[in-house]
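Each remark here refers to the structure printed beneath this line.
Number of protein chains: 2
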Amino acid sequence: MSPEHVRKLDRLDPLAGKRDLFVLPEGLIYLDGNSLGALPVAAQQRAAEIVTEQWGQDLVRSWNTHEWIDLPVKVGEKIAPLLGASAGQVICCDSISVNLFKVLAAVLQMQTDRHVILSQEDNFPADLYIAEGLGSIGKSGNVELKLVDDSGIEAALEDSVAVLMLTHVNYRSGKIHDMRRLTELAHEKGIPVIWDLAHSAGAVPLALDDCNVDFAVGCGYKYLNGGPGTPAFIYAAKHHQDRIRQPLSGWMGHAAPFAFDRQYRAAQGMRQFLAGTPPILSMGVLDAALDVFEGVDMQLLRDKSRQLGELFLERAADTGCLAEFELVSPADSAQRGSQLALGHPRAFAICQALIDRGVIADFRAPDILRLGFAPLYLRYRDISRSVEILAEVMAGEIYAHEKYSKRQKVT
Amino acid sequence: MSPEHVRKLDRLDPLAGKRDLFVLPEGLIYLDGNSLGALPVAAQQRAAEIVTEQWGQDLVRSWNTHEWIDLPVKVGEKIAPLLGASAGQVICCDSISVNLFKVLAAVLQMQTDRHVILSQEDNFPADLYIAEGLGSIGKSGNVELKLVDDSGIEAALEDSVAVLMLTHVNYRSGKIHDMRRLTELAHEKGIPVIWDLAHSAGAVPLALDDCNVDFAVGCGYKYLNGGPGTPAFIYAAKHHQDRIRQPLSGWMGHAAPFAFDRQYRAAQGMRQFLAGTPPILSMGVLDAALDVFEGVDMQLLRDKSRQLGELFLERAADTGCLAEFELVSPADSAQRGSQLALGHPRAFAICQALIDRGVIADFRAPDILRLGFAPLYLRYRDISRSVEILAEVMAGEIYAHEKYSKRQKVT
Chain A
1 MSPEHVRKLD RLDPLAGKRD LFVLPEGLIY LDGNSLGALP VAAQQRAAEI VTEQWGQDLV
61 RSWNTHEWID LPVKVGEKIA PLLGASAGQV ICCDSISVNL FKVLAAVLQM QTDRHVILSQ
121 EDNFPADLYI AEGLGSIGKS GNVELKLVDD SGIEAALEDS VAVLMLTHVN YRSGKIHDMR
181 RLTELAHEKG IPVIWDLAHS AGAVPLALDD CNVDFAVGCG YKYLNGGPGT PAFIYAAKHH
241 QDRIRQPLSG WMGHAAPFAF DRQYRAAQGM RQFLAGTPPI LSMGVLDAAL DVFEGVDMQL
301 LRDKSRQLGE LFLERAADTG CLAEFELVSP ADSAQRGSQL ALGHPRAFAI CQALIDRGVI
361 ADFRAPDILR LGFAPLYLRY RDISRSVEIL AEVMAGEIYA HEKYSKRQKV T
Chain B
412 MSPEHVRKLD RLDPLAGKRD LFVLPEGLIY LDGNSLGALP VAAQQRAAEI VTEQWGQDLV
472 RSWNTHEWID LPVKVGEKIA PLLGASAGQV ICCDSISVNL FKVLAAVLQM QTDRHVILSQ
532 EDNFPADLYI AEGLGSIGKS GNVELKLVDD SGIEAALEDS VAVLMLTHVN YRSGKIHDMR
592 RLTELAHEKG IPVIWDLAHS AGAVPLALDD CNVDFAVGCG YKYLNGGPGT PAFIYAAKHH
652 QDRIRQPLSG WMGHAAPFAF DRQYRAAQGM RQFLAGTPPI LSMGVLDAAL DVFEGVDMQL
712 LRDKSRQLGE LFLERAADTG CLAEFELVSP ADSAQRGSQL ALGHPRAFAI CQALIDRGVI
772 ADFRAPDILR LGFAPLYLRY RDISRSVEIL AEVMAGEIYA HEKYSKRQKV T
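Protein chains in written order, with this note's numbering: chain A, 1 to 411; chain B, 412 to 822.
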């Protein structure tokens, strides 16, 4: 792959203009948008507006005048097209963990005579912790969490399973599940499916309605660029909405929150998933951030994402440094999300050496260097340059310097 | 009460200088700091800093370099002195509703042979909704919510009660419970107590440790001025921390979140109450907002708060307009929090007419005009002026204009 060819890819990139919608630090190559998305210019402006004008000047009246009260619904509806969801099925609130708890509890209440939560051994651990937590109080300990490995999921879809809970794109390897097939197979056994879209939303085209998905949860701060810890979202298929009850029944989920009724009466539709008062500043910033997706053809975005990953691997193979790693992600870019996982016993130190040289990647214990490719703001030349830097780090064994094994990285 | 006397009160006010730490709209008298606290200057600066410098420039590295990962603990420790809590017992996270769910579930798991949640009929309804929600999944429906009226609480403290859940300062009337006495009486029957401090923290001196309180939850966006929907907090007495388990066991509450263990292992101390990734922007703003309490003697703040309320009632009595209302709050300022509740069949319209004239109060269904007195930024002259405006609204029956009965107020 010649430098000319890389330049040409950038020149012909239909998404190239989107980069200008982000604030990006000079000289940095940011391959960690799958952990924390970069700052959109519009998000920066919105933060100042919410603080200074809305909170500062209009104060409590902003719940009406700036429609804070409708923000969870508004943001949900903005996310919906990215999920392949028609209106009235997505809402923004709380964290993935809290949302997963709501949805899991709701599903388990529908499945009165089943009690197994089926999931995958290497699912994102937090999802498993939440299932465990629910099991600790639900149905008198009648909830059982059954974990199988990737290849065992289909065989484990038995009549005793109450719900299948999977992460669509694996947080570490990036491997994509076949959402359509697994959802269909599960339904044949009367099993609803909950998909965690943390590493999918905004990176991979999704078709939740079309795949007949029951429930999903996802993250606002990765590929949706909503800022650190911004609220997450829930998708619930319309046909389920009238027959569920979620237990985190706070006042924002009440049919008439300001009537201050003594009895809980769930709101209709997605608002029933709301619990307490949402963090308006964080959520409003996500609202603004989502505007960068305006006019984006998700298939084009996916094409670019795949090409970025392919370019990385090709160039790394060219330089010879790829051979030092185990490719933990699927080799076929169609089978993985917008990330690469490279296994190496010194992955932690390599990651630190890269960061030290302006290439921000991340480390996933015990031995994975994880590289995320956010197609809205990365250029092909960034990928090419990042490989050069990785090759330097590997060739000189620069990572072996003791300073790179010491720091603690927490994300 | 002469204008001279009011001016003198302002001149002698030891907290007068704190007003300069807030951004306050010109010409507005803000009597709704008990719903949404005003914007501290430091919070405005911090918001810009988190967005532009931390997120924008340092990106994901900020979890370490700007210590985002420790923010829930840091903010908790800043709140602790306002609660009369020694270190290691307060953490900032989620909403009150979600936090109450965690704490209620944790307490019910300790109380294996009891299942009654005792609370008050006119507790903040959201707290009751959460108890109801927990009951819908916990212990196979074995949870019973028992509601009594204010005067019946002591008599209802029976051996069957698993937990007493009360709001310290009533959201509507402002009536304060005797925390020490009720906690003591409950303990005599083996009943732990959960206090909701939404309308207390930052307004009323608290002594949680000294009163031997078990658990508490509270709000960051009222008297703590942390901005709309900023995260809430949890207090858990040290002696309980090793023997509880809360069910919203997300990764941030894990002993080693970044080890990605398959099994949940709760962190020691307050971190066990964390669930998902916190909204850093909202929480960081609360962190900065709390600095306005630096050097504040909570007893002096309480004295001022009481005097503001007393001044309001005195002046309103002088003008004659007080006679048109029912005083729903206790007449003795020692018995109420930093707010007044005035009952009137046209309270909604009166509230709208006040807002229209630059006095921001709020309405609580069905018939209460609620006035909050945030002592850090209100002056005695503001109170005096607000009474004059109320008197005008009442004397001219200005509220009877149809435009004031139409708008919908949501907070």
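Don't be surprised by glycine CBs; every beta carbon is placed ideally from N, CA and C.
Alpha carbon to alpha carbon, how far is P192 of chain A from D113 of chain A? Give it in angstroms, no decimals.
For this step, residue 113 of chain A is matched to residue 113 along the first sequence. For this step, residue 192 of chain A is matched to residue 192 along the first sequence. Between D113 of chain A and P192 of chain A, the C-alpha separation is close to 14 angstroms.
Within 10 angstroms of the Cβ of S506 of chain B, are there 16 or more other Cβ atoms? Answer buried if so, exposed if not.
As a working note, residue 506 of chain B is residue 95 in the second sequence. Buried, because 16 or more other Cβ atoms sit within 10 Å of the Cβ of S506 of chain B.
Starting from the C-beta of G27 of chain A, find all residues in its chain whose C-beta is less than 6 angstroms away, skip the five residues before and the five after it, and write them out in chain order.
Taking the first residue of the first sequence as position 1, residue 27 of chain A is located at position 27. Only G358 meet the Cβ criterion.
Does A267 of chain A come out as helix, strand or coil in the three-state DSSP assignment?
The residue given as residue 267 of chain A occupies position 267 in the first sequence. A267 of chain A falls in the coil class under three-state DSSP.
Spatial neighbours of K146 of chain A within its chain, please: CB distance less than 8 angstroms, with the 5 preceding and 5 following residues excluded, ordered by chain position.
On the first sequence, residue 146 of chain A is found 146 positions in, with the first residue counted as 1. If we look at K146 of chain A and ignore the five residues flanking it on each side, its Cβ neighbours are V116, I117, L118, S119, A156 and V161.
Going by DSSP in three states, C351 of chain A sits in which element: helix, strand or coil?
Working through the first sequence from its first residue, we reach residue 351 of chain A at position 351. C351 of chain A: helix per DSSP, three-state reduction.
Contact list for L128 of chain A against chain B, beta-carbon separation under 7 angstroms
Position 128 of the first sequence, counted from the first residue, corresponds to residue 128 of chain A. Within 7 angstroms Cβ-Cβ: R673.
Rounded to whole angstroms, what's the CA-CA distance from D122 of chain A to D287 of chain A? Just pull it up for me.
Counting from 1 along the first sequence, the entry for residue 122 of chain A is found at position 122. Counting from 1 along the first sequence, the entry for residue 287 of chain A is found at position 287. Approximately 32 angstroms, taken between the alpha carbons.
Is the separation between the beta-carbon of A785 of chain B and that of S740 of chain B shorter than 8 angstroms?
The count along the second sequence starts at 1 and reaches residue 785 of chain B at position 374. The count along the second sequence starts at 1 and reaches residue 740 of chain B at position 329. It is not a contact, given that the beta carbons lie outside the stated cut-off.
E49 of chain A, enclosing beta strand (DSSP E) - first and last residue:
For the purposes of this step, residue 49 of chain A is taken as residue 49 along the first sequence, with counting starting at 1. No beta strand (DSSP E) holds E49 of chain A; DSSP gives it neither H nor E.
Unbroken beta strand (DSSP E) run spanning A236 of chain A, endpoints
The residue given as residue 236 of chain A occupies position 236 in the first sequence. That run of the beta strand (DSSP E) goes A232 to A236.
Give me the Cα-Cα distance between L342 of chain A and A323 of chain A, rounded to the nearest whole angstrom.
For the purposes of this step, residue 342 of chain A is taken as residue 342 along the first sequence, with counting starting at 1. For the purposes of this step, residue 323 of chain A is taken as residue 323 along the first sequence, with counting starting at 1. Inter-residue distance for L342 of chain A and A323 of chain A is about 10 angstroms (C-alpha atoms, whole angstroms).
For K649 of chain B, which of B:V462, B:F723 and B:A627 has the nearest alpha-carbon?
Taking the first residue of the second sequence as 1, we reach residue 649 of chain B at position 238. Answer by Cα proximity: B:A627.
L281 of chain A beta carbon less than 8 angstroms from that of I50 of chain A
Sequence index remark: in the first sequence, residue 50 of chain A carries index 50 (1-based). Sequence index remark: in the first sequence, residue 281 of chain A carries index 281 (1-based). Yes, these two residues count as a Cβ contact at 8 angstroms.
Here's the rule I'm using: 16 or more other beta-carbon atoms within 10 Å means buried, otherwise exposed. How should N445 of chain B be labelled?
The residue you call residue 445 of chain B lines up with position 34 of the second sequence. Buried, since its Cβ has 16 or more Cβ neighbours within 10 Å.
Who are the Cβ neighbours of A207 of chain A in its own chain at under 7 angstroms, not counting the five residues just before and after it?
The sequence position of residue 207 of chain A within the first sequence is 207, counting from 1. Correct list, in chain order: G84.
Residue-chain proximity (D824 of chain B, chain A), Cβ-Cβ < 8 angstroms
With chain B covering only 412 through 822, there is no way to say anything about residue 824 of chain B.
Can you tell me which of the three DSSP states D362 of chain A falls into?
On the first sequence, position 362 is the one that residue 362 of chain A refers to. Correct three-state label for D362 of chain A: strand.
Nearest residue (CA-CA) to G37 of chain A, options A:L290, A:E402, A:Q335 and A:M298
Sequence index remark: in the first sequence, residue 37 of chain A carries index 37 (1-based). Here the closest residue by C-alpha is A:L290.
What is the C-beta distance between C504 of chain B and F684 of chain B, in whole angstroms, given that I count them as a contact (C-beta under 8 angstroms)?
For the purposes of this step, residue 504 of chain B is identified with residue 93 of the second sequence, where counting begins at 1. For the purposes of this step, residue 684 of chain B is identified with residue 273 of the second sequence, where counting begins at 1. About 6 angstroms separates the beta carbon of C504 of chain B from that of F684 of chain B, a gap short enough to meet the 8 angstroms contact definition.
For G320 of chain A, count neighbouring C-beta atoms within 10 Å of its own C-beta (all shown protein chains included) and say buried if the count is 16 or more, exposed if not.
The count along the first sequence starts at 1 and reaches residue 320 of chain A at position 320. Per the 10 Å Cβ criterion, exposed.
Cβ neighbours of K419 of chain B in the same chain (closer than 7 angstroms, five flanking residues each side left out)
Within the second sequence, numbered from 1, the residue matching residue 419 of chain B stands at position 8. Beyond the five residues adjoining it in sequence on each side, K419 of chain B comes within less than 7 angstroms, by CB distance, of no other residue in the same chain.
Neighbour flag for K419 of chain B against chain A, beta carbons, 8 angstroms
Here residue 419 of chain B refers to the residue found at position 8 of the second sequence. By this cut-off, K419 of chain B is not an interface position.
Along chain A, which residues have their Cβ under 9 angstroms away from the Cβ of P436 of chain B?
Residue mapping note: residue 436 of chain B aligns to position 25 of the second sequence, counting from 1. Ordered by position in chain A, the residues that pass the 9 angstroms Cβ test against P436 of chain B are G56, Q57, D58 and L59.
Q246 of chain A in three-state terms, based on DSSP
Working through the first sequence from its first residue, we reach residue 246 of chain A at position 246. Here Q246 of chain A sits in coil by DSSP.
Mind checking whether R172 of chain A and I360 of chain A have CB atoms under 8 angstroms apart?
Here the question's residue 172 of chain A lines up with position 172 in the first sequence. Here the question's residue 360 of chain A lines up with position 360 in the first sequence. Remark: C-beta atoms of R172 of chain A and I360 of chain A do not approach each other more closely than 8 angstroms.
From B:D708, B:A454 and B:D589, pick the residue whose C-alpha is nearest to that of I564 of chain B; which is it?
Walking along the second sequence from the start, residue 564 of chain B turns up at place 153. Among B:D708, B:A454 and B:D589, the Cα nearest to that of I564 of chain B belongs to B:D589.
Taking buried to mean at least 16 other C-beta atoms within 10 Å of its own C-beta, is A728 of chain B buried or exposed?
The sequence position of residue 728 of chain B within the second sequence is 317, counting from 1. So A728 of chain B ends up on the exposed side.
Using the three-state DSSP reduction, which class does V41 of chain A fall into: helix, strand or coil?
On the first sequence, residue 41 of chain A is found 41 positions in, with the first residue counted as 1. Note: V41 of chain A maps to helix in three-state DSSP.
Are I176 of chain A and H187 of chain A close, meaning C-beta to C-beta below 8 angstroms?
In the first sequence, residue 176 of chain A corresponds to position 176, counting from 1. In the first sequence, residue 187 of chain A corresponds to position 187, counting from 1. Not a contact, by the Cβ cut-off of 8 angstroms.
With H, G and I counted as helix, E and B as strand and the rest as coil, what does DSSP make of S551 of chain B?
The sequence position of residue 551 of chain B within the second sequence is 140, counting from 1. Note that S551 of chain B has pLDDT 49, beneath the 50 cutoff, so the model's placement of it is unreliable and the number below is only indicative. Under the three-state reduction of DSSP, S551 of chain B is assigned to helix.
From D362 of chain A to Y675 of chain B, what does the alpha carbon distance come to, in whole angstroms?
Your numbering for residue 362 of chain A matches position 362 in the first sequence. Your numbering for residue 675 of chain B matches position 264 in the second sequence. If you take the alpha carbons of D362 of chain A and Y675 of chain B, they lie about 23 angstroms apart.
Give the DSSP bridge partners of D196 of chain A, in chain order.
Your numbering for residue 196 of chain A matches position 196 in the first sequence. Note: D196 of chain A sits in a beta bridge opposite A:T167 and A:V217.
Mapping the DSSP letters down to three states, classify F669 of chain B as helix, strand or coil.
Position 258 of the second sequence, counting from 1, holds the residue named residue 669 of chain B. Collapsing the DSSP output to three states places F669 of chain B in a helix.
Beta carbon of R430 of chain B nearer than 8 angstroms to that of Y791 of chain B:
As a first step, residue 430 of chain B is located in the second sequence; it is residue number 19 there, counting from the start. As a first step, residue 791 of chain B is located in the second sequence; it is residue number 380 there, counting from the start. In this structure, Y791 of chain B does not lie closer than 8 angstroms to R430 of chain B by Cβ.
Hey, quick one: how far does the alpha helix (DSSP H) through I96 of chain A stretch, first residue to last?
Taking the first residue of the first sequence as position 1, residue 96 of chain A is located at position 96. I96 to M110 is the span of the alpha helix (DSSP H), which, as asked, contains I96 of chain A.
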